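Residue numbers (our numbering), protein chains in the order written: chain A, 2 to 429; chain B, 148 to 475.
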């Protein structure tokens with residue numbers, strides 16, 4: 002007993018005497034309350050659980066523990082900005098606010114504060130142009146990639162020709178929902194399909210008028226950019242008017258498990274674009290179960306593992322962790338700052354070998370970030386819902402988006418932002 | 148018949164159905180306002196809480212499971228049973244009665260004689276408390292609500308209108324059920340208030356609190372009674388709306404749909420809530436159909452309020468509301 006006490010005292014003394022590195026801080030601007038909690042909760046769980054896994058299994062990133070302080074935004078832009086201001090003093094290395102509205106507000110702030118902003122699959126799409134947006138990263142795919150990937154798939158299932166087809170965009174009437182309109186208009190001109198837009202106001206609980214309009218228009222396909230209750234109601238209303246579910250395709254934010262389960266069997270065959278793997282058949286989830294959930298350290302109760310939105314949280318956390326690791330290598334220090342983290346994000350290279358080492362083989366694309374391109378490769382696959390099994394399956398390989406259409410739009414929008422904010426292009 | 152006219156008829160029918168759903172939410176507000184003069188800000192959250200409780204009971208979910216597991220290190224989530232829909236509805240209604248009792252005992256009783264604005268503020272507090280309480284009790288996941296209600300296009304109407312007019316009208320089976328349920332509910336409420344002792348007491352309190360108290364009517368009992376009925380109405384509204392979208396926290400926002408109905412129909416009239424709901428439902432759907440595409444669409448939310456404001460200008464107490472004249 003005495004020896005045990007002595008050993009404990011020695012360890013304590015050693016811990017006190019040894020200089021302790023500060024945690025690597027990745028604040029989570031989460032929303033576990035309010036009308037969008039059903040999506041916000043699983044994402045925040047996945048984000049936090051991956052960092053907990055890295056701490057528990059690997060002893061942190063480069064030997065430094067990661068911490069994920071949460072701040073509740075309720076998907077409210079003002080609260081999101083308050084959360085940013087409240088947490089940046091903790092030594093935040095990067096922000097992932099999971100809200101396009103909050104992202105727009107934070108872009109000038111993070112640039113001034115020299116903290117990178119990471120918005121995978123959301124946010125300001127033209128921030129993919131690193132020459133203008135030095136501190137914003139939205140790899141591996143953005144809204145415009147998503148629109149193009151959806152159209153590519155619809156073209157494939159239409160025998161390679163979309164001429165004479167009619168496509169409706171059903172969208173959340175917000176900055177987020179309006180993002181793909183210009184891209185789809187350009188794609189409509191290129192492929193010759195008729196394009197119609199049908200907006201749905203927040204929160205989207207009542208969509209009777211929209212679906213009567215869709216029924217009257219008789220489109221061949223419906224592309225959906227929804228979030229929250231809008232998704233569940235839209236899937237149910239589509240089933241009600243007997244719209245073929247396999248002809249309805251959502252962006253990844255309309256592709257959660259909770260978006261389809263309320264409609265039951267009627268949702269069978271619904272599709273969504275994805276930029277990462279689905280299901281839990283990856284070694285990383287076994288590790289999360291073992292080191293995080295079973296150890297009682299999970300952010301939630303562990304029942305979201307393998308669900309689409311949880312997986313996205315895990316994927317975002319993994320890419321940030323790898324960016325931090327890259328920053329440590331570049332600057333030859335484990336104790337990195339947010340400025341160093343930005344460098345790490347800009348130099349991030351994800352290879353298939355590294356994905357396999359991380360227990361995520363094939364979970365996402367291999368890609369390299371550069372000074373010019375903060376948006377990644379823009380590749381994606383199509384997932385389809387099997388209502389009987391209650392699972393998503395990827396039904397296509399990861400394919401490219403139409404950069405011939407998207408790149409000029411990125412250049413145009415980012416140039417307008419640069420002119421408005423008097424930003425000189427970098428990377429020259 | 149011109150195609151646009153057929154479409155307008157279909158939109159009108161669907162607007163009427165949507166109006167019934169709005170009226171269901173508005174009814175709860177009217178009942179409480181009529182009996183106590185309180186504008187119950189928590190009515191939408193009551194619908195959410197009632198629906199969460201119904202699904203929780205039905206699916207055998209352990210209430211406060213997350214909290215229990217966090218404190219005791221256990222892994223309990225569900226009881227080894229599921230409860231039939233009808234029994235679950237009865238139990239959920241019982242929970243709403245208990246809720247009404249607790250509201251009266253711990254909030255309203257202490258605020259007797261306070262200005263209306265204080266009571267209104269208390270219901271705001273109650274709404275946020277219930278939202279958090281519901282989250283802790285049942286979790287924030289979306290829950291599928293299945294009490295056996297039919298959903299999807301009514302094929303008989305589709306076929307009949309197609310054979311008659313050459314265009315099949317879309318009417319959702321769930322909307323038809325909601326209309327029948329609302330009609331039964333309103334009939335029961337009218338019978339209750341006209342032909343039962345408690346109903347007459349309720350009307351007496353609604354007319355004049357002091358006079359009702361002077362003849363021995365218990366204000367506390369009436370408040371429990373009316374909050375219980377409003378809780379039951381919230382449960383019905385929660386079931387109808389929850390069947391469409393699953394039970395989730397955005398369900399509390401359906402209260403926003405009831406406000407223009409109340410402005411239009413009046414805060415004190417049950418028929419006003421019904422007629423107001425129908426006018427708002429038809430008005431917003433027709434406006435979206437006829438004008439929406441010209442101005443970018445998604446007009447329903449704001450147009451409902453515009454319509455209500457227009458009515459307010461000409462009839463401030465609403466179509467069926469009581470005109471209050473205070474003599475000084």
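For glycine and all other residues, C-beta sits at the position ideal for the given N, C-alpha and C. Values in this document were obtained by computation on a predicted structure and should not be read as measured data.
1) Using a Cβ-Cβ distance under 8 angstroms, would residue 400 of chain B count as near chain A?
2) Along the region 304–327 of chain B, what residues have a CB closer than 9 angstroms to any CB found in chain A?
3) From residue 19 of chain A to residue 78 of chain A, what does the alpha carbon distance come to, in whole angstroms?
4) For residue 119 of chain A, write down the residues that DSSP places opposite it in a beta bridge.
5) For the candidate residues A:197, A:166, A:66, whose alpha-carbon lies nearest to that of residue 179 of chain A?
6) Would you tell me roughly how many angstroms separate the C-alpha atoms of residue 366 of chain A and residue 347 of chain A, rounded to the nearest one?
7) Using alpha carbons as the reference points, say which of B:213, B:231, B:229 lies closest to residue 223 of chain B.
8) Whether or not the region 402–411 of chain A and the region 102–116 of chain A are in contact is what I'm after, with contact meaning three or more pairs of Cβ atoms, one per stretch, closer than 8 angstroms; do they touch?
9) For residue 72 of chain A, which residues does DSSP report across the bridge?
10) Using a cut-off of 9 angstroms between C-beta atoms, extract the partners of residue 312 of chain A located in chain B.
11) Assign residue 186 of chain B to one of three DSSP states: helix, strand, or coil.
12) By a C-beta neighbour count over all protein chains shown, 10 Å radius and 16 as the cutoff for buried, is residue 334 of chain B buried or exposed?
13) Can you tell me where the alpha helix (DSSP H) with residue 353 of chain A in it begins and where it stops?
14) Count the other CB atoms within 10 Å of the CB of residue 394 of chain A; is the residue buried (16 or more) or exposed (fewer)?
15) Which chain A residues are close to residue 225 of chain B, counting only those with a beta carbon under 7 angstroms from its beta carbon?
16) Can you check the region 258–317 of chain A for any alpha helix (DSSP H) of at least 4 residues that lies completely inside it and give the ranges in chain order?
17) Anything in the region 183–210 of chain A with a Cβ closer than 7 angstroms to a Cβ of chain B? List those residues in chain order, please.
18) Below 8 angstroms on C-beta distance, what does residue 288 of chain B contact in chain A?
19) Determine, for residue 165 of chain B, whether the minimum Cβ-Cβ distance to residues of chain A falls below 8 angstroms.
20) Do you know offhand how far residue 205 of chain B's Cα is from residue 166 of chain A's?
21) Would DSSP call residue 159 of chain B helix, strand or coil?
22) Find the nearest neighbour of residue 385 of chain B within the set B:201, B:235, B:183, judged by alpha-carbon distance.
23) Going along the region 238–266 of chain A in order, which residues come within less than 7 angstroms of chain B, judged by CB to CB distance?
24) Hey, how far is the Cα of residue 303 of chain B from the Cα of residue 412 of chain B?
25) May I ask you to list, following chain order, the residues of the region 215–232 of chain A that have a beta carbon less than 8 angstroms from some beta carbon of chain B?
26) Could you tell me whether any Cβ in chain B is nearer than 8 angstroms to the Cβ of residue 17 of chain A?
27) Is the region 85–95 of chain A touching the region 49–66 of chain A in the sense that three or more CB pairs, one from each, lie closer than 8 angstroms?
28) For the candidate residues A:274, A:360, A:34, whose alpha-carbon lies nearest to that of residue 287 of chain B?
29) Can you tell which of B:378, B:379, B:188, B:348 has its C-alpha closest to the C-alpha of residue 367 of chain B?
30) Report the residues of the region 190–205 of chain B with a CB closer than 8 angstroms to any CB of chain A, ordered along the chain.
31) Determine, using beta carbons only, whether residue 232 of chain B comes closer than 8 angstroms to chain A.
32) Taking residue 69 of chain A and residue 49 of chain A to be in contact with their CB atoms under 8 angstroms, please state how far apart those CB atoms are, rounded to whole angstroms.
33) With a threshold of 8 angstroms between beta carbons, is residue 329 of chain B in contact with chain A?
34) Check each candidate in A:240, A:252, A:38, A:41 and name the one with the smallest Cα separation from residue 269 of chain A.
35) In chain order, what residues of the same chain lie with their CB nearer than 8 angstroms to the CB of residue 238 of chain A, ignoring the 5 residues before and after it?
36) Whole-angstrom Cβ separation of residue 401 of chain B and residue 194 of chain B, contact assumed at under 8 angstroms?
Taking the geometry as given:
1) yes
2) 317, 319, 320, 321, 322
3) Residue placement at residue 19 of chain A cannot be trusted, given a pLDDT of 44 that sits under 50; the coordinates are not used to answer.
4) A:138
5) A:197
6) 17 angstroms
7) B:213
8) no
9) A:30
10) Per Cβ cutoff of 9 angstroms: no residues; residue 312 of chain A is ~16 angstroms from chain B at best.
11) coil
12) exposed
13) Taken as a continuous stretch (DSSP letters only), the alpha helix (DSSP H) holding residue 353 of chain A covers 353–358.
14) exposed
15) Those within 7 angstroms of residue 225 of chain B in chain A number zero; the least Cβ separation is about 11 angstroms.
16) 258–261, 284–288
17) Within the region 183–210 of chain A, the residues whose Cβ lies closer than 7 angstroms to some Cβ of chain B are 199, 200, 201, 202, 204, 206, 207, 209, 210, listed in chain order.
18) 39, 42, 259
19) By this cut-off, residue 165 of chain B is an interface position.
20) 45 angstroms
21) In the structure shown, the three-state DSSP call for residue 159 of chain B is helix.
22) Selected option, being the one with the closest Cα: B:201.
23) 240, 241, 242, 243, 259, 262, 263, 265
24) Computed Cα separation, rounded: 33 angstroms.
25) 216, 217, 229, 230
26) A caution first: residue 17 of chain A carries a pLDDT of 43, below 50, which makes its placement in the model unreliable, though a value can still be read off. Not an interface residue.
27) These segments do not touch.
28) A:34
29) Ranked by Cα distance from residue 367 of chain B, the options B:378, B:379, B:188, B:348 are led by B:348.
30) none
31) no
32) 5 angstroms
33) no
34) A:240
35) By the criterion of a C-beta distance shorter than 8 angstroms, residue 238 of chain A is surrounded in its chain by 208, 209, 211, 212, once the five residues flanking it on both sides are discounted.
36) 6 angstroms
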